[in-house]
Structure formats: structure tokens, C-alpha cells
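Student:
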Amino acid sequence: MTVGLFIPCYVDQFYPNAAIATLELLEKLGVEVVYPSRQTCCGQPMANSGFEHLTKKSNNLFIENFRGFDYIVAPSGSCVLHMKDHLHSGKYPNETEAMRGKVYELTEFLTDVLKVDKLKARFPHKVGLHQSCHGQRGLKLAQMSELVAPAFSKPEQLLSMVDGLELIELTRKDECCGFGGTFCVAEEAVSVKMGKDRVMDHLQHEAAYITGADMSCLMHMEGILRRQKSNVKVVHIAEILNAQEI
Amino acid sequence: MKETKDHAALAEAFNADEPRVNWHDETLWFIRQKRDKAAHTVADWELLRETASQIKHNVLSNLHDYLLQFEANAKANGIIVHWAADAAEHNRIVHEILQKHGVKQMVKSKSMLTEECHLNDYLSEHGVEVIDSDLGERIVQLAKEPPSHIVLPCIHKKKEEIGDLFHEHLGTPAGMADPQVLTEAARQHLRETFLTRRAALTGVNFAIAETGEFVICTNEGNADMGAHLADVHIACMGIEKIIPERKHLGVFLRLLARSATGQPITTYSSHFKKPREGHELHLVLVDNGRSIQLGREDFRNSLKCIRCGACMNTCPVYRRSGGHSYHAAISGPIGAILAPNLDMKKNADLPFASTLCGSCSNVCPVKIDIHDQLYKWRQVIVKEGYADTKKTLGMKAMTQAFASPTTFQLAGKAGRWFMRHVPFAVSNKMNPWYKQREMPAPPKESFGEWYLKNRKKKNE
Ligand code: SF4
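Protein sequence lines correspond, in order, to chains V and C. All the letters of the first sequence, read from the start, carry residue numbers 1 to 246 under our numbering. All the letters of the second sequence, read from the start, carry residue numbers 1001 to 1460 under our numbering.
1. So, with DSSP's three-state summary, where would you put G1136(C)?
2. Identify the residues that DSSP records as bridge partners of R122(V): which are they?
3. With a threshold of 7 Å (Cβ to nearest heavy atom), would A1257(C) be considered close to the ligand SF4?
4. Determine the contact status of G1322(C) and G1332(C), defining contact as a CB-CB distance below 8 Å.
5. Given 7 Å as the limit, tell me if G1309(C) has its C-beta closer than that to any heavy atom belonging to the ligand SF4.
6. How about V192(V): is its C-beta nearer than 8 Å to some C-beta of chain C?
7. Is the separation between the beta-carbon of G1309(C) and that of L1152(C) shorter than 8 Å?
8. Is any beta-carbon of chain V found at less than 8 Å from that of T1193(C)?
9. With 8 Å as the threshold, decide whether the Cβ of W1045(C) is near any Cβ in chain V.
10. If you draw a straight line from the C-alpha of E1003(C) to the C-alpha of P1351(C), how long is it?
11. Alpha carbon to alpha carbon, what distance is there between A1209(C) and E1071(C)?
12. Write down the C-beta distance between A74(V) and F6(V) rounded to the nearest angstrom, noting that I regard them as a contact closer than 8 Å.
13. Is the region 1256-1272 of chain C touching the region 1054-1066 of chain C in the sense that three or more CB pairs, one from each, lie closer than 8 Å?
14. Output the boundary residues of the alpha helix (DSSP H) element that contains Q1033(C).
15. Is K193(V) helix, strand or coil when you go by DSSP?
16. Pop quiz: K173(V) and S132(V) are said to be a contact at Cβ under 8 Å. What is the actual Cβ separation, rounded to whole angstroms?
17. Step through the CB atoms of chain C and report whether any lies within less than 8 Å of the CB of V92(V).
18. Assuming G1212(C) contacts A1076(C) under a Cβ cut-off of 8 Å, what Cβ separation, rounded to an integer in Å, is found between them?
19. Compute the Euclidean distance between the alpha carbons of E1115(C) and L87(V), then round it to the nearest angstrom.
20. Applying a beta-carbon distance threshold of less than 9 Å, which residues of chain V neighbour P1340(C)?
21. Starting from Y1268(C), follow its DSSP beta bridges and name the residues at the other end.
22. Would a check of beta-carbon distances place E1460(C) closer than 8 Å to chain V?
23. Can you round the beta-carbon distance between T182(V) and D201(V) to whole angstroms, since I take them to be within the 8 Å contact cut?
24. Use the C-beta contact count for M1001(C): other C-beta atoms within 10 angstroms, 16 or more gives buried, fewer gives exposed.
25. Find the residues of chain C that neighbour A121(V), judging by a C-beta separation of less than 7 Å, and give them in chain order.
26. Please confirm whether L1356(C) has its beta-carbon closer than 8 Å to some beta-carbon of chain V.
27. Is there a Cβ from chain C that is less than 8 Å from the Cβ of P75(V)?
28. Any beta-carbon of chain C closer than 8 Å to the one on S160(V)?
29. Say the cut is 7 Å; is the CB of C1364(C) nearer than that to a heavy atom of the ligand SF4?
30. Is there a Cβ from chain V that is less than 8 Å from the Cβ of N1077(C)?
31. Below 7 Å CB to CB, which residues in the same chain sit around C1364(C) once its five sequence neighbours on both sides are set aside?
32. Would you mind sorting F152(V) into buried or exposed? The rule is 16 or more other CB atoms within 10 Å of its CB.
33. Below 7 Å CB to CB, which residues in the same chain sit around C177(V) once its five sequence neighbours on both sides are set aside?
34. Using a Cβ-Cβ cut-off of 8 Å, state whether F1352(C) counts as contacting chain V.
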């Protein structure tokens, strides 16, 4: 099995550790991973701003980069959801369907494809899990509080395999953090207020780390934490699942 | 409308008072939690939602036939039926009925349709005084404000502010903010209104094609008080309010109040079928853009809405920006997908007032794909040329930059390329990101660089 590693542009540029952890984790689990170096952006920021019609080139580029792989895995629920929902190509009309079915967010790839039931990881800290909306409601990585339906959570399932980790409870377990792509600047006031409220929930429950499957939400919350001069850190879930802290 | 500010600007103003935002958010979140509890008491909740959605699907697919069936049955019952193509015609029809009866004062129970048509303004320009009899509506009417929420019109007002309004208009003691005292004052004031008004206007929650009757759901019984005491009852409804048969009502009544406030059912679910002896019962069926929306395949489902307000209570943006920030009669997520249909230019900002978190679509009792429609409206609005030029240029530049893998990789130090090309990451103190957030700190190297050093070489 060969996996194409799809690293969102901002993770490549600002959070290489999340990408490295994803790569190492998959390798540890015996998967052959290749990072196609010509990748840039999935086109989501444009599409969510109403400019989906401008994403033709990035869609074609995505297909050219990833068509040879059995699976495409990314440490980002949001970018994966975008590809699953909106990957189109006039140039490669016959390939989009299959490609959409092969794209996986990291945690669902671990639980559903690799069927991971134990991990050699240790992270002895109090951790708050931020359920990103695109991962949770979009990709169904976890049950949402709106529905009257049985509970499950793929990220929690994985975190429970990590030695020493203490998962905190939140008052609002699946409220949006307010990042929202260009929303974060176009609607600055509400975006920040939503982020502050999310962060506060984690702080009130004494999280030392906030984690999640979407680095973009974490980047937004990190910006707020750092402005507040808080010691609480954000860390991508891949980094925890790959952690060997003593 | 004199208001020209967009959602972001109005939301920013709302956020100037953070404790108030917290209060607004908590109040509405409390209602969302009540809704959750109520929904969990119904084992087949999701099946019920699906059933309601399918019934409405059938209605929208056969709307023409159901409307004619409803009209025929309503007429046979003795209801006088009117058709209004738009808001102006609706207002004219109502005014003509009032003129015919020489009525200068009218009592009105809650009707979002008349808000949409700006009926109160129209009637007051024509010398008719309207008193809203729903407590929340009456409060915003006294404050000369539009409702901020479709179910809880004055949810943005604190009880102290209501006390001040009542002191000014209804003569309650200054500083009195006890809800019980205030409600009693309103009750006395409205009782006198009910007893003296000869015409009453109400909304409609459900119109049953099979029987030609309509149903109004209230908690205060004010629709009944108005309609039963007046000589003339005028009911106004959007054409999408039809349900095929009486038996379908059970599905919707079980969903409506649970979704709206967490109650098992509204206190009053009143059926109106025919006028009493010597009285008149009018029904105005209003299109006002609905058939255009019906023709928009991507947005058709928005007409399934039963106006429960659950999408507002759950919306993390609505809770922190307030209903008035949507500058439309219907606010919140549902307002944001309805309003562009009526005026795309004026409401071009609304579909962007969302993070697309998807909570709305999943609380909605009739399963409207609200957040997907928000996404689709964005595409339409940009294509129709209603996006601002700065944004369009920024997006084009970003797209160009992303289309070239070589410049992306050769940009040198990690973060630098990004900060130069991605609008929200621009390293500049003018950037709205930076106002209340730190920028991510650029690392030593990008993942691409790390990979080249640590894996690519090894693989070769
Ligand atoms: S869109 Fe759905 S949730 Fe929102 S008011 Fe209408 S029925 Fe209720």
C-alpha cells in the first residue's frame, strides 16, 4: 500500500512538525508514504470565498500529484472534506470520482483503513480535544451533539490509546472555533470572539494542550492563546499519537 | 432601509460590549440545550426530521396543485382567499380589507411574513395603527426596532431595558424589571387592545390542503384572543406553508416546539376553518419571491422552513453577532439563504457571515442543507459580480501563486511565501488577523524542505 501524503499549504509553511509527525506515524505503522513535492493548496480558501471557479488549476495539480496512489492522507479534516465534496476536473473527468473516494483525513485513515487498535505513544498531559467542524460534521469523525444518534469519536478512540494522556471534558464539546477560512479576517470581531470562547472552555477545564485534527483551527486558537500570554499550547493530534515523551 | 453597514461591521459594533455578547450567547445556548433535551425524549427524532423533510419535499414538488386544492377547500369553508404576488400587493390587500370595514386600529399577532413585507410601516403611512400582541413583538415595537429573532423577537433585550420601555410607554414604576410585573402590565395593556379592536391579523404556521383549514401555534394565545374578539380576521401566509393532509400535522407539531424552545408542544395550536356567523375570515396567500426560489434548484429546499428558529439558537455566529446584524426580516442562517433571493446586492454579505460549521443543517427539523446553500450562494454572488473588487483581486493573486509549485517551493524561508501571498496571513499590523491574535511563528524550515533533506535523499 502506498500513501500519497497531502500536506496543506499552511501546515507546510508554519507547522512542519505536524506534517513530520504524520509521516513518521504512518511509517511506524508500516505504510509506504510518499510526499509529492509539487503540491501547493487544495483550493479551499478560494472556493469557500465564492471563487470555486478559480480552482481549476489547483484541482488539476492535485490530480496530477496524487493519482498514482492507493490512498491520499492529510492531517487536515477541512482540506480533505473540500476535496471529497468539490474536486472537479474538466481535464481529468474520469479520475475525480475515484480520487474523491481515496482521500482520507489522518485519524479516519488510522481507525478505518489501518484499523489501528494500539499505539506506542506516550503523552503524559491534560489535553483538550477540539473537534473541528469540517472533520466532525463534514467527515463524521465524531458524532455531533445536534443529532439524536449513538456517540462515537475517532480522534478520542486514538487518544485513548496514548499512554499517560488525560482527556478533559468540555462544556461545549463541539462548538465552532470561528476560524472559518477567510471568515477569520472578513468577520474579525466574531471570529476572535468565537476563538476566545473556545479557548476559555479549555482553560477552565485546565487543559495543558489543545489538540485536534485540523491545524487551521489550532492556528487560530494559538494566535489567541499567545496574545493572552497563556502557557497552554496547541499541538496537532498526529504529534500526540507519535509522541514518545517520558 | 437607511442601513448600509454590512454584517461584519454590525457584528463588530455588537461585539464592542463583550459581557453583553456573553449574555446573548449564553441565553441562546440555553435554548439550544433545551432543544437537545426535548429532542432526546423522542426516540425516532431523526426519522421524524426525515419524514417532515420528505413531506415538505412532496409539497414543493406539487405546490401548484396543493395551493389550488387548499384554495378550493378554504373557499368552500367560507374563507375569502386573496393572492398577492409580492409584498406591495399583500400590503394593499390588507389595507383594502381594513378600509372596507372602516378600521383604523388593528391588532396583530406574530407574523414574520408581515415583517418581511413591512406591513406595519405601510399601514401607519396610511393612517392605520397596528398593535403587536405577541409580548416580544410588542416590546420591539415599543422600542421601534425590528425583531432580532423569528421566535424570540426581543431576545436581544435585557429585562432592565424592557422595564425602562414599559416605564416610558405603559407607566410601570421606574427601575421595575421583575418579569412577572412587566408581563402583567403588558397583559392589562393588551387586554384593552383585544377588547376594542375590530380587526385582527395573524400569521399561519400550517395550511392544510385537504381540509382548507389553517393552524396557528402560539404560547400566549394572543392569536386566538385577537381573532376571536374581532369582526374581521385576516390571516397572511407564504405559499410554502401548505401541508397536504391533516394527519401530517402531527409530524410538524412534534418537531416545531421542541426545536424552537424545547417544549413538547406550543401552548396553543389553534385550527381556523371557517368564519363565525356574521364575521369575515380572509386569507392572503403571498408569493413575494418564493416561486423564484422554488425555481432555483440549489436553494429550493429553503422553502421547507417551518420558522422554528433552531438554526439561530445553534449558530455560533448569530449568538455572537445578534439578529440585527443580518439587516433582514429573517436573521440567522436561514435568513442568510433566503435574503439573497429577495435582493442579492443588498444581502450579498449574508452568506459570508458563517464559518460553514454545519450545526444549523443538523438541528433543522426539516433538514434544510443550510450550510451547503451558504456555500452555493457564495459562488452565485461572486459570479454575479457582487463580491468587492479588493477581495476578487486578492483571490486571483492567491490562485495564481498557488498554481505554480515552483515559486511555492523556491520561496526560501518557510512562512515568507505564505505571508506574501495569502491575504489573511499577510505579516502586517494592518491585517485584521493581528488585531487580537498573534501570527504563527515561522519555523526554521518548511515541511517541503525538511522532506527533501530527510527523506527524498534517502529514497534516491
Ligand atoms: S431553517 Fe430549519 S432550523 Fe432554521 S428556522 Fe427554518 S426550520 Fe427552523
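Idealized CB from N, CA, C, for every residue including glycine. Treat the numbers as computed from the prediction; the structure is a model and nothing was measured.
Tutor: Working from what's here:
1. G1136(C) falls in the helix class under three-state DSSP.
2. R122(V) is bridged by DSSP to D163(V) and Q244(V).
3. No - the ligand SF4 has no heavy atom lying nearer than 7 Å to the Cβ of A1257(C).
4. Taking 8 Å as the Cβ cut-off, G1322(C) and G1332(C) do not qualify as a contacting pair.
5. The ligand SF4 approaches G1309(C) closely enough that one of its heavy atoms is under 7 Å from the residue's Cβ.
6. V192(V) counts as touching chain C.
7. Taking 8 Å as the Cβ cut-off, G1309(C) and L1152(C) qualify as a contacting pair.
8. Not an interface residue.
9. With 8 Å as the cut-off, W1045(C) counts as an interface residue toward chain V.
10. The predicted model places E1003(C) with a pLDDT of 49, which falls under 50 and marks its position as unreliable; any figure quoted below should be read in that light. Spanning the two alpha carbons is a distance of roughly 18 Å.
11. Looking at the two C-alpha atoms, the distance is approximately 8 Å.
12. Taking the Cβ atoms as the reference, A74(V) lies roughly 4 Å from F6(V), within the contact range of under 8 Å.
13. The region 1054-1066 of chain C, when compared against the region 1256-1272 of chain C, does not touch it at the 8 Å Cβ threshold.
14. E1018 to H1040 is the span of the alpha helix (DSSP H), which, as asked, contains Q1033(C).
15. Correct three-state label for K193(V): helix.
16. Not a contact, Cβ separation roughly 12 Å.
17. It should be pointed out that residue 92(V) corresponds to Tyr in this sequence rather than to Val. No - not a single Cβ of chain C is within 8 Å of the one on Y92(V).
18. Indeed, because the Cβ distance is near 6 Å, the residues count as touching under 8 Å.
19. Going from the Cα of E1115(C) to the Cα of L87(V) covers about 41 Å.
20. Ordered by position in chain V, no residue passes the 9 Å Cβ test against P1340(C), which lies about 12 Å from the chain.
21. The secondary-structure analysis by DSSP pairs Y1268(C) across a beta bridge with T1218(C).
22. The predicted position of E1460(C) is uncertain, since its pLDDT is 48 and thus under 50; a value taken from the coordinates is nonetheless stated next. For E1460(C), the answer is no, since every Cβ of chain V falls outside 8 Å of its Cβ.
23. The beta-carbon distance between T182(V) and D201(V), rounded to whole angstroms, is 25 Å. This is too long to meet the 8 Å contact definition.
24. Low per-residue confidence applies at M1001(C): pLDDT is 42, beneath 50, and the placement is therefore not dependable enough to give any value.
25. Result: empty, since nearest Cβ-Cβ is about 21 Å, beyond 7 Å.
26. Yes, contact with chain V.
27. It does not; no Cβ of chain C falls within 8 Å.
28. Not one chain C Cβ lies under 8 Å of S160(V).
29. At least one heavy atom of the ligand SF4 is nearer than 7 Å to the Cβ of C1364(C), so yes.
30. No, its Cβ sits nowhere closer than 8 Å to a Cβ of chain V.
31. Cβ neighbours of C1364(C) beyond the five flanking positions: A1310, C1311 and I1370.
32. By the 10 Å Cβ count, F152(V) comes out exposed.
33. Within the same chain, C177(V) has close Cβ partners H130, M194, G195, R198, C217, H220 and M221.
34. It does; some Cβ of chain V falls within 8 Å.
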